[in-house]
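Visitor: Supplied in structure tokens, the structure appears directly below.
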Amino acid sequence: MKAKQYPRTVLALAILAASGSGALQAATDTPVAAGELEEIVVTASRTRQRIFDSPASLSVINEAELARATAPSLAELMRDVPGIQVTDSGQPGLGRIRIRGEESRRTAILVNSQEITDHYEVGTPLSLNPAMVERIEVMRGSGSVLYGSQALSGVVNFLTKKGGTEPLQATVEGGYDSATDGYNSFASLYGNLDGWEYRLAGSKSDHDDRATPAGSMDNTAYDNDSVYLYAGRGFGDQRLEYTYEKYESSSNVYVEEEV
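Just remember that my numbering sits 5 ahead of the position in the sequence shown, which is counted from 1.
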């Protein structure tokens with residue numbers, strides 16, 4: 006057996022201009038009066054509708070719940086959602102979603118309601134940093150009419166954070182893992198300038214081989230890097246948005262030596 010290092014780069018680029026009636030993204034920013042239940046609007050079904058009006062089985066994880074979560078990755082976070090199983094991708098720091106026991110490749114993964122191109126026969130890996138996500142929508146049940154056979158078990162829509170309310174705001178986070186002698190770091194600059202919302206964020210993780218009571222686990226080291234850029238503005242009933250995301254991951258795995 007010998008170890009090889011496999012780097013992987015994922016690049017996503019999307020430009021979206023949509024009318025207010027046909028917008029693909031959720032919006033529930035209207036203040037809610039005391040004693041009044043917030044109206045939750047979901048978009049995983051390609052149309053904006055209240056969660057109680059949808060015939061599908063739905064779960065929504067909002068920004069407040071995400072802020073309270075301590076999971077180091079989206080894969081770990083999704084394990085607590087009813088009907089969701091997360092399978093190990095074989096690459097540290099990543100995972101793949103299964104809904105109601107179906108294969109991962111039968112689950113459609115969306116980012117800001119835009120489907121992520123899947124080059125993996127076993128399903129799309131979860132590469133987003135949790136700190137970049139504002140809201141998660143999970144639709145359990147077949148969505149193949151809207152998204153094809155890859156949505157046979159359901160749809161998961163990750164809505165990323167946009168701009169802020171002030172001209173310049175910032176967020177910095179970090180963590181240390183003693184088992185890998187590694188760290189996770191995240192930083193974001195965001196704001197609103199003359200109606201233009203913007204956000205620039207980056208994250209980095211660097212972990213060595215995991216330590217166990219029996220000794221170090223060889224070839225478990227990995228590092229992840231990501232960059233996220235968003236800019237958007239509303240023009241009456243229209244809205245223009247630009248999103249750029251780049252993700253790089255490198256890890257060691259075992260492969261059989263050629264005889």
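We put the CB at the ideal spot given by N, CA and C, even for glycine.
Tell me which residues share the same chain as L157 and place their Cβ nearer than 7 Å to its Cβ, disregarding the 5 neighbours each side in the sequence.
Guide: Hits under 7 Å: E107, R111, S147 and S149.
Visitor: Apart from the five residues on each side of it in sequence, which residues of its chain come closer than 8 Å, Cβ to Cβ, to L71?
Guide: L82, P135, V138, E139, R140 and I141
Visitor: Using only the alpha-carbon positions, how far apart do D34 and A206 sit?
Guide: Unreliable placement is indicated for D34, whose pLDDT of 43 sits below 50; the coordinate value is still reported in the next sentence. Near 22 Å, if we compare the C-alpha coordinates of A206 and D34.
Visitor: With H, G and I counted as helix, E and B as strand and the rest as coil, what does DSSP make of M144?
Guide: strand
Visitor: Which residues bound the beta strand (DSSP E) around E202?
Guide: W201 to H212
Visitor: Nearest-angstrom Cα distance between S193 and E171?
Guide: 14 Å
Visitor: How big is the Cα-Cα spacing for S77 and L133?
Guide: According to the sequence provided, residue 77 is Pro. The question's Ser does not apply to it. Their Cα atoms are separated by approximately 11 Å.
Visitor: Using the three-state DSSP reduction, which class does E253 fall into: helix, strand or coil?
Guide: strand
Visitor: Between which residues of its own chain and G169 is the CB-CB distance below 7 Å, once the five residues before and five after are set aside?
Guide: Excluding positions up to five away in sequence, the list reads Y195, G196 and N197.
Visitor: Determine the contact status of L173 and L131, defining contact as a CB-CB distance below 8 Å.
Guide: no
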